């Protein structure tokens, strides 16, 4: 399946399934769009609010691509003003086990990462507090309460 120095004949002939999957659902927002649509149909504005940080232009592009790939269905609702609702197609719902596996992996990773931070140094697990006077992190302290080398007091 893999060949050093170039593409394998098999890959050229049929493509890589993982590559195909990433082409369809890859990118910063597509998996999150699908995740929210697993809960049921959503209007554009609902998706935009659920995906903090995505621009309307980017969300529209991602939805168009998912629709073109047969993952998402776009329905214009008879209403005044007209509304558009997005839902997963049967093909899109086939992604459910993948997203559930990603959810479980993410939960386990977050627990393990928090455990690793506490094991390295307990204070790393605590949230960083900002020193409002200096608009930066508080001066790091050594265990004895003395300023750490290189820090200003």
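Numbering (the working numbering), first residue to last: 40 to 192.
Glycine included, C-beta positions come from ideal geometry on N, C-alpha and C.
The structure presented is a predicted model; accordingly, all values stated were derived computationally and were not measured.
Item: Per DSSP, what kind of secondary structure is residue 117 in: helix, strand or coil?; Value: coil
Item: For residue 148, count neighbouring C-beta atoms within 10 Å of its own C-beta (all shown protein chains included) and say buried if the count is 16 or more, exposed if not.; Value: exposed
Item: In chain order, which continuous runs of the beta strand (DSSP E) of length 3 or greater are located wholly inside the stretch 71 to 133?; Value: 111 to 116, 122 to 127
Item: How about residue 77 and residue 127: are their beta carbons less than 8 Å apart?; Value: yes
Item: So is residue 69 buried or exposed if we call it buried at 16+ other beta carbons inside 10 Å?; Value: buried
Item: For residue 115, which of 158, 60, 82, 72 has the nearest alpha-carbon?; Value: 82
Item: Classify residue 68 as helix, strand or coil using the three-state DSSP reduction.; Value: coil
Item: In three-state terms, what does DSSP make of residue 54?; Value: coil
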